[in-house]
Every structure is written in structure tokens, then in C-alpha cells.
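Just remember that the working numbering sits 100 ahead of the position in the sequence shown, which is counted from 1.
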Amino acid sequence: MRTPSRFLIAATVGGALLAVGAIFVIDTTLESYVENHARDRLVAQARGSLSFAETRLEQTVTTLVDLAAKAGDDCSSKMIDMMRFAMFSNMPMKGMAILDEKMQPVCTPAGGNLPPISLSREFQLADKRISFSVARFRDRQERSLHLRLERPNGRSLATLIATEALLPEIEFGRDEGIKRIRLQVESGELISARPAGDEGAGLDDGRSLVVQQRSERYPMMIVAERSRRAIAVEYQDLQFIVRSCLLFVSIFALVVFWLTVRRNQEDPVAALRLAMRNGEIVPFFQPTVDTMKGGVRGAEVLARWRKPDGTLVSPAHFIPLAEQSGLIYELTNVLMKRACEEVGATYAARPHLRLGFNLFAGHFDEAKIVEDVKAVFTGSRIAFDQIVLEVTERAPLPDLDEARKVIASLQEMGVRVAIDDVGTGHGGLSYLLKLGVDIIKIDKMFIDAISTERYSQIIIETLVELARTMNMEVIAEGVETFEQVEYLRLKGINEAQGFVFAPPLPASSYLALVEAMDRPRPSVVENPLAKLAGAA
Ligand code: C2E
Ligand code: CA
Ligand code: CA
Numbered sequence: 101m102r103t104p105s106r107f108l109i110a111a112t113v114g115g116a117l118l119a120v121g122a123i124f125v126i127d128t129t130l131e132s133y134v135e136n137h138a139r140d141r142l143v144a145q146a147r148g149s150l151s152f153a154e155t156r157l158e159q160t161v162t163t164l165v166d167l168a169a170k171a172g173d174d175c176s177s178k179m180i181d182m183m184r185f186a187m188f189s190n191m192p193m194k195g196m197a198i199l200d201e202k203m204q205p206v207c208t209p210a211g212g213n214l215p216p217i218s219l220s221r222e223f224q225l226a227d228k229r230i231s232f233s234v235a236r237f238r239d240r241q242e243r244s245l246h247l248r249l250e251r252p253n254g255r256s257l258a259t260l261i262a263t264e265a266l267l268p269e270i271e272f273g274r275d276e277g278i279k280r281i282r283l284q285v286e287s288g289e290l291i292s293a294r295p296a297g298d299e300g301a302g303l304d305d306g307r308s309l310v311v312q313q314r315s316e317r318y319p320m321m322i323v324a325e326r327s328r329r330a331i332a333v334e335y336q337d338l339q340f341i342v343r344s345c346l347l348f349v350s351i352f353a354l355v356v357f358w359l360t361v362r363r364n365q366e367d368p369v370a371a372l373r374l375a376m377r378n379g380e381i382v383p384f385f386q387p388t389v390d391t392m393k394g395g396v397r398g399a400e401v402l403a404r405w406r407k408p409d410g411t412l413v414s415p416a417h418f419i420p421l422a423e424q425s426g427l428i429y430e431l432t433n434v435l436m437k438r439a440c441e442e443v444g445a446t447y448a449a450r451p452h453l454r455l456g457f458n459l460f461a462g463h464f465d466e467a468k469i470v471e472d473v474k475a476v477f478t479g480s481r482i483a484f485d486q487i488v489l490e491v492t493e494r495a496p497l498p499d500l501d502e503a504r505k506v507i508a509s510l511q512e513m514g515v516r517v518a519i520d521d522v523g524t525g526h527g528g529l530s531y532l533l534k535l536g537v538d539i540i541k542i543d544k545m546f547i548d549a550i551s552t553e554r555y556s557q558i559i560i561e562t563l564v565e566l567a568r569t570m571n572m573e574v575i576a577e578g579v580e581t582f583e584q585v586e587y588l589r590l591k592g593i594n595e596a597q598g599f600v601f602a603p604p605l606p607a608s609s610y611l612a613l614v615e616a617m618d619r620p621r622p623s624v625v626e627n628p629l630a631k632l633a634g635a636a
């Protein structure tokens with residue numbers, strides 16, 4: 101078993117950090133969800149309690165107003181009876197009285213309880229005749245609400261409301277922890293609290309969730325409180341499930357990631373496929389040069405595998421694998437698209453530049469390559485007549501007739517076709533004669549032997565002669581010395597590529613070379629002389 105690569109270790113650490121980050125984000129989101137949900141529930145509870153208190157108060161106000169309308173304030177026995185009846189039928193009313201201008205009782209039924217001990221100032225209601233204040237019964241500790249309706253003659257009809265009746269009964273279950281609800285007047289004095297008798301000391305001590313709801317009808321509000329510990333207990337199951345799922349998913353993703361990367365490392369085809377999809381297969385560009393004038397004629401695209409750590413893998417290590425596995429079709433497509441993106445703008449400005457791509461024998465067995473070339477270059481910045489497709493002679497073409505048809509279809513579009521590595525392989529003269537290609541590329545083997553092997557020169561001369569007769573261009577490959585360049589010039593071979601000019605270059609270097617050596621040619625329309633000629 102191989103030891104994990106630096107990439108795998110870095111990817112695992114990166115993946116683990118990402119997973120921790122994701123867990124943190126989701127956990128924080130969960131906590132804020134719990135907080136918001138608990139707050140919403142507390143607000144709903146506070147609203148419910150407030151509307152309960154408002155309804156109770158409303159009932160008493162209505163009773164007081166009805167009583168004043170029906171019986172006035174004359175302390176007659178009818179009035180006393182009616183007060184007694186009102187107290188009897190309205191449970192929260194614990195006392196009644198008619199008060200004079202100085203707020204002293206003029207008359208009161210038995211159990212009148214008035215006047216009480218005031219605990220707050222008086223608040224006026226929307227109906228200006230009515231006001232209330234927080235008070236305490238004279239004979240007991242409980243709080244009451246002193247409600248007073250003022251008559252035009254200065255007298256008042258007053259009642260005391262037992263404030264504990266203003267809040268609904270709430271079950272404070274043990275699971276939900278301490279929860280308090282306070283009904284208070286605007287200025288803060290307590291009217292009533294739940295649990296009963298709990299005056300709410302320590303509200304909002306930082307460990308509690310506290311919400312407030314103001315009444316729109318009366319000058320009072322509800323403050324509801326719930327301990328955060330109780331909230332945590334209530335939601336702990338949900339949090340446990342979500343956190344466990346997160347942990348499980350993260351561990352599962354990491355394991356799958358590990359296994360995938362390990363498998364890719366052990367399965368070279370899977371690794372190559374992944375590399376292509378990750379954009380690690382990149383085009384390098386080896387310039388072809390005009391041996392007579394010295395300018396750049398174009399470039400041959402050569403594949404490189406740029407590993408994540410920056411190392412470059414030569415095509416000899418992965419092209420045979422791509423051909424055997426069938427990945428070569430996708431790989432060729434990837435290279436064509438990427439080359440088009442990288443040099444398209446420069447090529448659009450220099451229509452004479454050519455761009456060569458290497459195909460393999462299988463590409464000429466079906467017309468798919470024709471469709472692929474159309475799909476990549478139609479509407480692109482590289483014209484079909486700038487493209488050269490190379491077919492190597494090293495491997496045999498399975499079906500010469502089919503290859504001939506494919507080549508003819510490519511040529512119909514304007515694409516040129518070259519035979520690569522001429523003289524090294526299976527084709528011999530039959531490829532040159534039958535395929536109808538546009539260019540022949542003389543292999544480095546013959547260029548290397550120019551000065552040492554006499555037969556090499558004869559073969560080159562024969563090829564040049566044949567090319568001339570058949571109207572084909574010649575490119576010499578693998579040119580490494582000035583002597584070789586001299587010889588090529590002498591033989592009229594005016595295009596060559598090789599280390600003497602430049603090795604395969606990354607796009608940026610190739611483009612810099614083109615920009616430096618080949619200023620864009622002005623188009624016919626942009627040429628001022630042509631414009632003048634047109635005008636005349
Ligand atoms: P090739 O098509 O004959 O490409 C020329 C090879 O010769 C390139 O090697 C290039 O770097 C090298 N070369 C160019 N000038 C010189 C020189 O002056 N001296 C020496 N010693 N070498 C020179 P590279 O890039 O390693 O490519 C090797 C082969 O891999 C190519 O041979 C081609 O058959 C294949 N290949 C590369 N890219 C692709 C591709 O995209 N598709 C296919 N099907 N094959 C490719
Ligand atoms: Ca080639
Ligand atoms: Ca070649």
C-alpha cells in the first residue's frame with residue numbers, strides 16, 4: 101500500500117477544516133433558530149396573557165360604565181343593590197364605592213374595601229372619565245387595580261379588581277424551567293405576576309430570555325421571561341439529532357473523499373479523468389517558425405498534465421493511457437476548448453497564424469471529430485482555416501477509406517490536415533498518396549541525421565519533391581541546430597519547429613512571443629489607403 105501523497109494529506113486537512121467550518125456555521129444557525137423559535141413562543145404566550153388581561157379589564161370598565169348610566173351616584177338603596185349585584189356577577193371586582201371629590205367613600209356596599217393604599221399614580225384611559233392605579237387592599241397584602249369613573253358632579257364610581265384575576269393560570273412544568281410573567285403599568289409598577297406572588301426579581305439577568313408586549317388599549321404591558329437553561333433542555337434532543345447528523349455526514353464525506361482520492365491514485369484512468377475535469381490537462385504551444393523570414397507561423401498544441409503541486413507531466417506518460425481507455429476524445433476536446441480560450445483573441449487579430457492539434461488513429465475512424473471541431477470552433481475567435489489537425493504515422497489507421505472521408509469533411513470546413521512523424525511508421529508512401537492531406541511533418545529522426553547519415557538527406561529531398569508535386573506543405577520537426585536550419589533553407593523547407601527556436605511554451609509565453617514578433621496586420625477596411633481607394 102502506498103503512503104498517502106502530500107496532496108491527499110493537504111486535501112484531507114482542507115476537507116476536515118471545511119467540515120469543521122460547515123459544522124460551525126450550521127450549529128450557529130441552529131442555535132439562532134432555537135433562540136428565535138423560543139422567543140416566538142414566548143411572544144405568543146405574552147400576547148395571549150395580555151389579551152386575557154385586556155378582556156378582563158374591558159369587562160369591568162363596561163360594568164362600571166353601565167352602572168353609572170343606570171343608577172348614577174346617589175347612594176340610594178337601589179344603587180347599593182346594583183353595586184352588590186355587579187360585584188357578584190363580575191368575579192374580579194372585589195370592592196365598590198361612590199367617592200366624593202376628595203376621594204373619600206360616600207357610600208359602599210358591605211366588603212367595599214375602599215379606599216385602598218395607592219402604589220402608583222393614576223393613569224387615564226382613552227375614555228377620559230376613566231382612570232386606574234395600582235393599589236393594595238387595606239385588609240390584605242394582595243395587589244388590586246383601582247378603577248375609577250368620574251361623574252360630571254365630581255363624584256366617582258370606583259371599584260377594586262383583584263389583579264391575580266387579570267392573568268391566566270399557567271402551568272409551570274418542571275421541564276420548562278422557571279418562567280415568569282409580569283403584568284405591569286407603563287411606569288413599571290407590578291400589577292400581577294405568575295407564578296402568583298413572584299414579583300419577578302432578577303428578570304433579564306442575562307441568563308434569561310425576556311420579551312415585552314405593550315397593550316395598545318391600556319397603559320400596561322406584559323414582560324415574559326424564560327430561563328435559557330430551560331430552553332436548552334427543551335431543544336437538546338433536536339440539537340443532539342442535528343449535531344449527530346452533521347458529524348455523521350462530515351465523517352461520511354471525508355471517508356468517501358479519502359476513498360475516491362485513494363482509488364484515483366491507484367487507478368490511473370480514474371486519476372486522468374479527474375485531472376481533466378479539474379482542468380489539470382493544459383495546452384502548451386510550440387511555435388512553428390518561418391525559416392526564411394524568421395517570423396512565427398503558428399504553434400502546435402502539446403498536452404501537459406499540470407499537477408496541483410505545479411509539477412508538469414509529459415504527454416508520454418498519459419496520452420497512451422488516454423488512447424487505450426478512450427479518454428483521448430474528451431481530452432482532445434478539452435485541449436481544443438482551452439487553447440481556443442487562451443489564444444483566441446491573439447489569433448482573431450492575426451488570421452495568418454495556425455494552430456495544430458494532435459489526433460490519434462481512432463479519431464479518423466468516425467466522423468465525430470468533425471462534429472467536435474465544429475462545436476468548439478464555430479463562432480469562436482479561431483477560424484477553421486487557422487486549424488491544422490495532425491494524424492500520426494506511428495500508429496496504423498484502422499480504415500484508410502473512412503479516414504479519407506473524415507479528412508475530406510474536415511478540409512471542406514477549411515481545416516488543414518497534416519501527417520505527423522512522416523517516415524517513422526506504418527503509412528509509408530500509401531498515407532501520403534491516399535489520404536489527401538495538406539501538410540507533411542518530417543520527423544525529428546531525419547532532421548537529427550542530416551549531418552551524419554547520407555540516406556537521411558535523400559529521404560528529406562524525396563519527401564520535399566513529393567510534397568511539391570502533390571501540392572503539400574512541409575514542416576520540419578525537432579530542429580535543434582543552426583546547421584539544420586541552414587540545410588532546411590537550402591532545400592526550400594520554409595517552416596520548422598524545434599528547440600533551436602522555442603520549446604513548447606505555456607500560453608502566456610507563447611502569446612508574449614507572438615506579440616513581440618508579429619504586430620497584428622491591419623485589416624483591409626482599417627487600412628487608410630484602402631479606405632481612400634474605396635472612396636475614389
Ligand atoms: P509530437 O506530436 O511528434 O510532438 C513533438 C514532440 O517533440 C513534443 O514532445 C515536443 O516537445 C518534442 N520536440 C519538439 N521540438 C523538439 C526538439 O527540438 N528536440 C527534441 N528532443 N524534442 C522536440 P511532447 O510534447 O513530449 O509530445 C510527445 C508526443 O505526445 C507528441 O509527439 C504527440 O505524439 C503526443 N501528444 C502530445 N500532445 C498530444 C495530444 O494532445 N493528443 C495526442 N493524441 N497526442 C499528443
Ligand atoms: Ca504532432
Ligand atoms: Ca511529430
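Beta carbons: idealized from backbone N, C-alpha and C, even for Gly.
Item to complete: Output the distance between the C-alpha atoms of Lys544 and Arg619, rounded to the nearest integer angstrom.
Response: Start at 1 with the first residue of the sequence shown, and residue 544 comes out as number 444. Start at 1 with the first residue of the sequence shown, and residue 619 comes out as number 519. Roughly 30 Å between the two C-alpha positions.
Worksheet item: Can you list, in chain order, the stretches of the alpha helix (DSSP H) that have 4 or more residues and sit fully within the stretch 411-454?
Response: 419-425, 428-449
Worksheet item: Secondary structure at Thr163, three-state DSSP: helix, strand or coil?
Response: Taking the sequence shown and counting its residues from 1, the one referred to as residue 163 is at position 63. Three-state result, Thr163: helix.
Worksheet item: For Gly277, does the three-state DSSP call read helix, strand or coil?
Response: By 1-based counting over the sequence shown, the position of residue 277 is 177. Summary for Gly277: the model assigns pLDDT 49, below 50, so the residue's position carries little reliability; its value from the coordinates is reported in the next sentence. Here Gly277 sits in coil by DSSP.
Discussion item. DSSP three-state label for Cys175, please.
Written reply: Taking the first residue of the sequence shown as position 1, residue 175 is located at position 75. Note: Cys175 maps to coil in three-state DSSP.
Worksheet item: Taking buried to mean at least 16 other C-beta atoms within 10 Å of its own C-beta, is Arg274 buried or exposed?
Response: Position 174 of the sequence shown holds residue 274. With a pLDDT of 48 at Arg274, under the threshold of 50, the modelled position of that residue is not reliable, and the figure given next carries that caveat. Result: exposed.
Discussion item. Would the stretch 494-506 count as touching the stretch 429-437 if we require 3 or more Cβ pairs under 8 Å?
Written reply: no
Discussion item. Quick check on the DSSP output: what are the complete alpha helix (DSSP H) runs of length 4 or more inside the stretch 442-525, in order along the chain?
Written reply: 468-477, 500-513
Item to complete: Could you have a look at Arg243 and say whether DSSP puts it in helix, strand or coil?
Response: As a working mapping, residue 243 is identified with position 143 in the sequence shown. Reduced to three states, the DSSP call for Arg243 is strand.
Worksheet entry | Outcome for Leu529 when other beta-carbon atoms lying within 10 angstroms are tallied against a minimum of 16 | Working through the sequence shown from its first residue, we reach residue 529 at position 429. Classification of Leu529: exposed, given that the 10 Å Cβ count is below 16.
Worksheet entry | beta strand (DSSP E) segment containing Met321, residue limits | Here residue 321 is taken as the residue at index 221 of the sequence shown, counted from 1. Segment 320-327, the beta strand (DSSP E) holding Met321.
Worksheet item: Leaving out five residues before and five after Gly172 in sequence, what residues of the same chain have Cβ atoms less than 6 Å from its Cβ?
Response: Here residue 172 refers to the residue found at position 72 of the sequence shown. Hits under 6 Å: none found.
Worksheet entry | Top-ranked residue by Cα proximity to Val389, from Arg141, Gly514, Pro216, Phe601 | Within the sequence shown, the letter at position 289 stands for residue 389. Considering only alpha carbons, the answer is Phe601.
Discussion item. Here's the rule: buried if 16 or more other CB atoms are within 10 angstroms of the residue's CB, otherwise exposed. What is Leu412?
Written reply: For the purposes of this step, residue 412 is taken as residue 312 along the sequence shown, with counting starting at 1. Flag for Leu412 reads exposed.
Discussion item. Just to confirm the assignment, what range does the alpha helix (DSSP H) spanning Pro368 have?
Written reply: What you label residue 368 is simply residue 268 of the sequence shown in a count that begins at 1. Taken as a continuous stretch (DSSP letters only), the alpha helix (DSSP H) holding Pro368 covers 368-377.
Item to complete: Check each residue's C-beta against every heavy atom of ligand 2 and list, in chain order, those closer than 5 Å.
Response: Asn458, Glu490, Asp520
Item to complete: For Leu632, count neighbouring C-beta atoms within 10 Å of its own C-beta (all shown protein chains included) and say buried if the count is 16 or more, exposed if not.
Response: Residue 632 sits at position 532 when you count from the first residue of the sequence shown. Bear in mind that the predicted position of Leu632 carries a pLDDT of just 39, short of 50, making it too unreliable to give a figure here.
Item to complete: Count the other CB atoms, across all protein chains shown, that sit within 10 Å of the CB of Val206; report buried if there are 16 or more and exposed otherwise.
Response: The residue labelled residue 206 in the question sits at position 106 within the sequence shown. So Val206 ends up on the exposed side.
Discussion item. Report the CB separation of Ala508 from Ile540 in whole angstroms; it is logged as a contact under 8 Å.
Written reply: Numbered from 1 along the sequence shown, position 408 holds the residue referred to as residue 508. Numbered from 1 along the sequence shown, position 440 holds the residue referred to as residue 540. No, Ala508 and Ile540 are not in contact; Cβ-Cβ is about 18 Å, not under 8 Å.
Worksheet item: Can you tell me where the alpha helix (DSSP H) with Ile560 in it begins and where it stops?
Response: What you label residue 560 is simply residue 460 of the sequence shown in a count that begins at 1. Looking at the DSSP string, the run of the alpha helix (DSSP H) that includes Ile560 is 554-569.
Fill in: Contact set for Pro415: own chain, Cβ-Cβ below 6 Å, skip 5 residues either direction
Numbered from its first residue, the sequence shown carries residue 415 at position 315. Cβ within range, chain order: Ala403.
Item to complete: With Phe232 as the anchor, note down where its beta strand (DSSP E) starts and where it stops.
Response: Position 132 of the sequence shown, counted from the first residue, corresponds to residue 232. Residues 230-236.
Worksheet item: Would you call Val285 buried or exposed, if buried means 16 or more other Cβ atoms sit within 10 Å of its Cβ?
Response: What you label residue 285 is simply residue 185 of the sequence shown in a count that begins at 1. Buried is the call here.
Worksheet item: Does DSSP put Ala122 in a helix, in a strand, or in coil?
Response: Sequence index remark: in the sequence shown, residue 122 carries index 22 (1-based). If DSSP states are grouped into helix, strand and coil, Ala122 belongs with the helices.
Discussion item. Measuring alpha carbon to alpha carbon, tell me which residue in Ala122, Val382, Ala153 is nearest Phe457.
Written reply: In the sequence shown, counting from the first residue as 1, residue 457 sits at position 357. When each option's Cα is compared against that of Phe457, the closest is Val382.
Item to complete: Specify, as a first and last residue, the run of the beta strand (DSSP E) that Glu573 falls within.
Response: Translated into positions along the sequence shown, residue 573 becomes position 473. Residues 573-576.
Worksheet item: Do you know offhand how far Ser231's Cα is from Asn136's?
Response: Counting from 1 along the sequence shown, the entry for residue 231 is found at position 131. Counting from 1 along the sequence shown, the entry for residue 136 is found at position 36. If I take the Cα positions, the gap works out to 37 Å.
Item to complete: Can you have a look at Asn190 and say buried or exposed, based on whether 16 or more other CB atoms are within 10 angstroms of its CB?
Response: The count along the sequence shown starts at 1 and reaches residue 190 at position 90. Classification of Asn190: buried, given that the 10 Å Cβ count is 16 or more.
Item to complete: Return the first residue and the last residue of the alpha helix (DSSP H) that Leu613 is part of.
Response: Here residue 613 refers to the residue found at position 513 of the sequence shown. From DSSP, the alpha helix (DSSP H) with Leu613 extends over 607-617.
Discussion item. So for Glu158, helix, strand or coil by DSSP?
Written reply: On the sequence shown, residue 158 is found 58 positions in, with the first residue counted as 1. Residue state, collapsed to three classes: helix.
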